[in-house]
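>
Residue numbers (the working numbering), protein chains in the order written: chain S, 3 to 336; chain C, 260 to 610; chain R, 627 to 731.
(1) How many angstroms separate the CA atom of residue 525 of chain C from the CA atom of residue 355 of chain C?
(2) With residue 157 of chain S and residue 199 of chain S assumed to form a contact (beta carbons below 8 Å), what rounded beta-carbon distance in angstroms separates them?
(3) Hey, residue 433 of chain C and residue 514 of chain C are a contact pair by Cβ (cut 8 Å); roughly how many whole angstroms apart?
(4) Can you tell me whether DSSP reads residue 103 of chain S as helix, strand or coil?
(5) Taking a contact to mean a Cβ-Cβ separation below 9 Å, would you say residue 190 of chain S touches residue 260 of chain S in this structure?
(6) Residue 664 of chain R CB to nearest chain S CB: under 9 Å?
(7) Are any of the Cβ atoms in chain C nearer than 9 Å to that of residue 166 of chain S?
(8) For the alpha helix (DSSP H) containing residue 198 of chain S, name the first residue and the last one.
(9) Using a Cβ-Cβ cut-off of less than 8 Å, list which residues of the region 629-648 of chain R approach chain C; keep chain order.
(10) Go through its chain and collect everything with a Cβ distance to residue 675 of chain R's Cβ below 7 Å, but skip five positions before and after it.
(11) In the region 481-500 of chain C, which residues sit with their C-beta less than 8 Å from some C-beta in chain R, listed in chain order?
(12) Output the distance between the C-alpha atoms of residue 642 of chain R and residue 293 of chain S, rounded to the nearest integer angstrom.
(13) Smallest Cα separation from residue 657 of chain R: which of R:673, R:722, R:688, R:637?
(14) So which residues on chain C does residue 243 of chain S lean against when the C-beta distance must stay under 9 Å?
(15) Ignoring anything shorter than 4 residues or poking outside the region 524-606 of chain C, list the alpha helix (DSSP H) runs there in chain order.
(16) Tell me the rounded alpha-carbon separation between residue 382 of chain C and residue 282 of chain C.
(17) Return the bridge partner residues of residue 129 of chain S from the DSSP annotation.
(18) Any idea which residues DSSP pairs residue 435 of chain C with across the strands?
(19) Residues of chain R with CB closer than 9 Å to the CB of residue 541 of chain C, please, in chain order.
(20) Using 8 Å as the threshold, is the region 577-586 of chain C in touch with the region 459-474 of chain C, meaning 3 or more CB pairs across them?
(21) Inspect the beta-carbon positions of residue 503 of chain C and residue 545 of chain C and report whether they are closer than 9 Å.
(22) Between the beta-carbon of residue 323 of chain S and the beta-carbon of residue 16 of chain S, is there less than 9 Å?
(23) Grab me the residues of residue 289 of chain S's own chain with a C-beta within less than 8 Å of its C-beta, minus the 5 sequence neighbours each way, in chain order.
(24) For the alpha helix (DSSP H) that residue 375 of chain C lies in, which residues bound it at each end?
(25) Looking only at its chain, what residues have a beta carbon closer than 6 Å to the beta carbon of residue 403 of chain C, apart from the 5 residues adjacent to it on each side?
(26) Would residue 711 of chain R count as contacting chain S if we go by Cβ distances under 9 Å?
(27) So, is residue 352 of chain C buried or exposed, given that buried needs 16 or more other C-beta atoms within 10 angstroms?
(28) Here's the rule I'm using: 16 or more other beta-carbon atoms within 10 Å means buried, otherwise exposed. How should residue 485 of chain C be labelled?
(29) Is the CB-CB distance between residue 68 of chain S and residue 22 of chain S below 9 Å?
(30) List the residues of chain R that residue 336 of chain C touches, going by C-beta distances under 7 Å, in chain order.
(31) Along the chain, where does the alpha helix (DSSP H) that runs through residue 667 of chain R open and close?
(32) Where does residue 443 of chain C fall in DSSP's three states?
(33) Rounded to the nearest angstrom, what separates residue 19 of chain S and residue 64 of chain S at their Cα positions?
(34) Spatial neighbours of residue 370 of chain C within its chain, please: CB distance less than 6 Å, with the 5 preceding and 5 following residues excluded, ordered by chain position.
(35) To the nearest angstrom, how far is the alpha carbon of residue 332 of chain S from that of residue 326 of chain S?
(36) According to a CB-to-CB cut-off of less than 8 Å, which residues of the region 420-451 of chain C neighbour chain S?
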């Protein structure tokens with residue numbers, strides 16, 4: 003049997019796992035990644051919910067599984083065509099890739115927090131995103147811009163999620179538990195720090211999430227205030243003054259913190275509108291159906307895996323990446 | 260220090276270079292009477308622009324509308340009449356001196372855009388009542404937009420900068436933007452609603468330093484219904500108090516505002532707070548025309564600075580402005596216009 | 627000076643200005659109060675709550691926000707029947723929380 007080439011567009015965890023599984027199914031996968039290196043968002047994260055495993059371990063596992071698989075990095079795919087017998091992808095630099103089928107594993111973009119002007123991200127030096135906090139955890143040094151350790155930190159949930167003002171009506175799904183995890187890790191990294199999470203709803207849906215939520219309250223003393231910060235302002239000493247309603251008490255609440263962490267959500271990347279595939283209301287690619295065809299697109303030969311179809315956890319993403327290989331094998335046997 | 264929001268250009272608007280129909284504010288002529296005159300003098304005489312003033316125009320109804328005594332149909336008909344006067348004068352660009360008016364015009368135009376039947380009704384009402392017809396303005400701006408637009412030209416003609424002549428340091432300026440300037444339609448305000456640049460741009464162009472403080476975006480407390488009813492004024496003054504407390508650590512040299520009500524209340528409430536609580540706020544509050552006038556070397560008493568509650572002399576001294584203290588309370592033709600009471604000596608019974 | 631109006635006090639809870647001492651004492655005595663997520667089960671089942679505005683949910687949050695006076699007043703209404711403890715999904719030791727409040731406040 004000649005090994006058929008399958009294009010895997012995206013070298014994050016979905017693409018890596020899909021490539022490994024495709025090889026197991028007897029295909030010859032090619033990973034096409036827009037960045038200089040594979041690994042995606044997870045490679046930039048420090049530790050993962052719910053067990054605080056180091057993200058590096060997930061990447062190492064997937065790197066081992068994909069050892070020897072061909073990859074083309076620094077190639078951003080801008081168009082993808084299928085004629086029923088094969089697929090053709092073109093990169094921004096004009097490179098042409100052909101295969102029997104393609105797995106779109108293009109993932110998500112982090113929401114650009116500057117769009118929520120009222121939080122002052124990009125202007126107030128102590129307003130950071132959850133991704134930047136992870137980078138601080140990774141560097142082992144959580145500080146304000148002036149180098150001092152924060153005494154009070156606020157974590158704001160749903161920045162760029164559940165917010166029609168920025169065209170993001172969907173829930174990004176993983177931020178609640180990330181906020182809980184980061185609150186715990188803040189108390190571990192900065193002794194004595196007071197952490198307050200501001201949320202609209204806490205959606206701790208996965209295995210071990212509710213347990214982590216409880217742990218953050220009882221062991222780490224994290225405070226939760228049900229209310230969404232409406233405005234942040236910078237004080238003369240570069241701290242952040244917050245305005246919010248404590249909806250459980252039914253009164254406005256004000257406080258000043260040393261650092262404000264914005265839990266930025268997942269946004270559909272540009273390719274979702276340029277590949278010519280149908281998308282969902284949230285802007286991500288639409289699977290053929292959300293029940294038994296979650297990894298197939300409506301176009302024969304083009305498949306989907308991971309957060310290309312919307313916010314997902316790492317476990318869900320990796321499962322889909324395994325499933326997509328099997329789905330392609332089942333379809334091509336017909 | 261450069262203004263912190265480098266991307267204010269994301270919110271910019273079309274501002275015509277010349278040929279404007281000018282609509283005055285109802286209340287500014289009483290509160291800060293030199294400002295509107297200074298605006299016309301600077302644009303016409305210093306910059307050679309064509310700005311027409313028309314004694315036939317009326318209130319925009321803003322105060323009545325926001326106080327629930329003027330219905331929307333009436334407001335639209337009166338706005339239509341203002342536009343018909345502009346059309347009759349042969350102008351297409353409308354500049355409003357009042358933030359409330361600017362908000363009223365913007366809202367009416369937006370409503371007409373989304374509900375053309377409302378525009379048709381307003382046209383019909385106006386025609387039936389007065390026989391008038393009108394074109395909508397091509398460009399609608401607030402006077403502070405226009406001042407912002409010509410800020411570099413003013414800088415070129417300036418005789419001084421917003422710098423403390425004793426220390427050489429730029430003056431620290433708190434700006435306050437009227438709520439109806441950009442909070443109604445952020446895209447219609449220079450710099451948007453969160454990081455407005457319309458006044459900060461003037462402050463920077465003329466050598467001062469713009470101060471961003473936590474309550475910068477907070478309402479001054481003016482609020483039509485809040486000040487019109489005496490018992491409600493506690494809400495109004497409480498908002499101003501919150502702002503003064505928040506800006507105090509920055510030790511601003513003065514406040515500049517672009518709304519008639521904000522300028523008035525940020526100035527007068529300092530006196531009230533000092534009298535009620537024993538505080539001693541004394542931050543001069545200027546209109547942007549007064550700020551421009553000082554930069555251009557206009558005499559402070561010609562600008563009407565004696566009408567301020569908070570004494571402006573300390574600011575004039577910092578700027579190195581020469582003035583005649585004896586002339587402060589002399590109005591036109593040297594007539595004595597009376598002087599304000601010291602807060603500490605305020606006694607309502609004596610009035 | 628009386629101008630015929632007063633300076634209206636803000637309704638906001640100002641966390642910068644509260645005194646955390648009593649709050650921290652209560653938490654130290656009964657840490658499970660931290661587990662409350664405001665579901666309202668306690669208030670829904672509360673006998674006192676059927677007839678008065680007494681609400682353990684609200685009291686626990688008021689304590690967290692340093693609003694002791696309001697709690698002090700309504701605390702006396704609790705009859706310590708313990709029904710709230712039976713319904714709490716988060717395992718808050720509600721009677722112990724009430725006792726801690728009674729003792730500390």
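Ideal placement from N, C-alpha and C gives every residue a C-beta, glycine not left out.
As the structure is a prediction and not an experimental result, all values here were calculated from the model.
The answer reads as follows:
(1) Start at 1 with the first residue of the second chain, and residue 525 of chain C comes out as number 266. Start at 1 with the first residue of the second chain, and residue 355 of chain C comes out as number 96. Taken atom to atom, the span from the alpha-carbon of residue 525 of chain C to that of residue 355 of chain C is near 21 Å.
(2) The residue given as residue 157 of chain S occupies position 155 in the first chain. The residue given as residue 199 of chain S occupies position 197 in the first chain. Contact holds; Cβ gap of about 5 Å.
(3) In the second chain, counting from the first residue as 1, residue 433 of chain C sits at position 174. In the second chain, counting from the first residue as 1, residue 514 of chain C sits at position 255. The Cβ separation is near 5 Å, so the contact holds.
(4) The residue you call residue 103 of chain S lines up with position 101 of the first chain. Residue 103 of chain S falls in the strand class under three-state DSSP.
(5) Working through the first chain from its first residue, we reach residue 190 of chain S at position 188. Working through the first chain from its first residue, we reach residue 260 of chain S at position 258. No, the Cβ-Cβ distance between residue 190 of chain S and residue 260 of chain S is not below 9 Å.
(6) On the third chain, residue 664 of chain R is found 38 positions in, with the first residue counted as 1. Yes - at least one Cβ of chain S is within 9 Å of the one on residue 664 of chain R.
(7) Position 164 of the first chain, counted from the start, is the residue given in the question as residue 166 of chain S. No, no contact with chain C.
(8) Position 196 of the first chain, counted from the start, is the residue given in the question as residue 198 of chain S. That residue, residue 198 of chain S, is in no alpha helix (DSSP H); its beta strand (DSSP E) goes 196-201.
(9) 629, 630, 631, 632, 633, 634, 635, 636
(10) The residue you call residue 675 of chain R lines up with position 49 of the third chain. Hits under 7 Å: 669, 681.
(11) So the list reads 489, 490, 491, 492, 493, 494, 496, 497, 500, given in the order they occur along the chain.
(12) As a working note, residue 642 of chain R is residue 16 in the third chain. As a working note, residue 293 of chain S is residue 291 in the first chain. Each residue's alpha carbon lies about 50 Å from the other.
(13) To locate residue 657 of chain R, count along the third chain from 1; it is residue 31. Residue 657 of chain R has its Cα closest to that of R:722, out of R:673, R:722, R:688, R:637.
(14) Position 241 of the first chain, counted from the start, is the residue given in the question as residue 243 of chain S. Near residue 243 of chain S (Cβ distances below 9 Å), the residues of chain C are 473, 474, 505.
(15) 547-555, 572-578
(16) Reading the second chain from its first residue, position 123 is the one you call residue 382 of chain C. Reading the second chain from its first residue, position 23 is the one you call residue 282 of chain C. Near 20 Å, if we compare the C-alpha coordinates of residue 282 of chain C and residue 382 of chain C.
(17) Sequence index remark: in the first chain, residue 129 of chain S carries index 127 (1-based). DSSP output for residue 129 of chain S lists S:262 as bridge partner(s).
(18) Numbered from its first residue, the second chain carries residue 435 of chain C at position 176. Note: residue 435 of chain C sits in a beta bridge opposite C:516.
(19) On the second chain, position 282 is the one that residue 541 of chain C refers to. Near residue 541 of chain C there are no residues of chain R at all, since even the closest Cβ is about 17 Å away, more than 9 Å.
(20) no
(21) Against the second chain, residue 503 of chain C aligns to sequence position 244. Against the second chain, residue 545 of chain C aligns to sequence position 286. In this structure, residue 503 of chain C keeps its C-beta atom at 9 Å or more from the C-beta atom of residue 545 of chain C.
(22) Within the first chain, the letter at position 321 stands for residue 323 of chain S. Within the first chain, the letter at position 14 stands for residue 16 of chain S. Yes, the pair counts as a contact, with Cβ atoms nearer than the cut-off.
(23) On the first chain, position 287 is the one that residue 289 of chain S refers to. If we look at residue 289 of chain S and ignore the five residues flanking it on each side, its Cβ neighbours are 295, 296, 297, 298, 299, 306, 311.
(24) For the purposes of this step, residue 375 of chain C is taken as residue 116 along the second chain, with counting starting at 1. In this chain, the alpha helix (DSSP H) harbouring residue 375 of chain C covers 375-389.
(25) Here the question's residue 403 of chain C lines up with position 144 in the second chain. Excluding sequence neighbours, residue 403 of chain C sits near 457, 517, 547.
(26) Residue mapping note: residue 711 of chain R aligns to position 85 of the third chain, counting from 1. The beta-carbon of residue 711 of chain R is placed no less than 9 Å from the nearest beta-carbon of chain S.
(27) Taking the first residue of the second chain as position 1, residue 352 of chain C is located at position 93. Result: buried.
(28) Here residue 485 of chain C corresponds to residue number 226 of the second chain, with the count starting at 1. Counting the other Cβ atoms within 10 Å of the Cβ of residue 485 of chain C gives 16 or more, which makes it buried.
(29) Taking the first chain and counting its residues from 1, one reaches residue 68 of chain S at position 66. Taking the first chain and counting its residues from 1, one reaches residue 22 of chain S at position 20. Going by C-beta atoms, residue 68 of chain S is nearer than 9 Å to residue 22 of chain S.
(30) The residue given as residue 336 of chain C occupies position 77 in the second chain. Neighbours of residue 336 of chain C across chain R, judged by C-beta separation under 7 Å, do not exist; the nearest C-beta is about 35 Å away.
(31) Locating residue 667 of chain R in the third chain gives position 41, where the first residue counts as 1. Run containing residue 667 of chain R: 667-671, per the alpha helix (DSSP H) assignment.
(32) Taking the first residue of the second chain as 1, we reach residue 443 of chain C at position 184. Under the three-state reduction of DSSP output, residue 443 of chain C falls in the coil class, being neither helix nor strand.
(33) In the first chain, the residue the question calls residue 19 of chain S occupies position 17. In the first chain, the residue the question calls residue 64 of chain S occupies position 62. Straight-line Cα distance between these residues: approximately 6 Å.
(34) Here residue 370 of chain C refers to the residue found at position 111 of the second chain. So the list reads 377, once near-sequence residues are dropped.
(35) The sequence position of residue 332 of chain S within the first chain is 330, counting from 1. The sequence position of residue 326 of chain S within the first chain is 324, counting from 1. It is roughly 10 Å from the alpha-carbon of residue 332 of chain S to the alpha-carbon of residue 326 of chain S.
(36) 451
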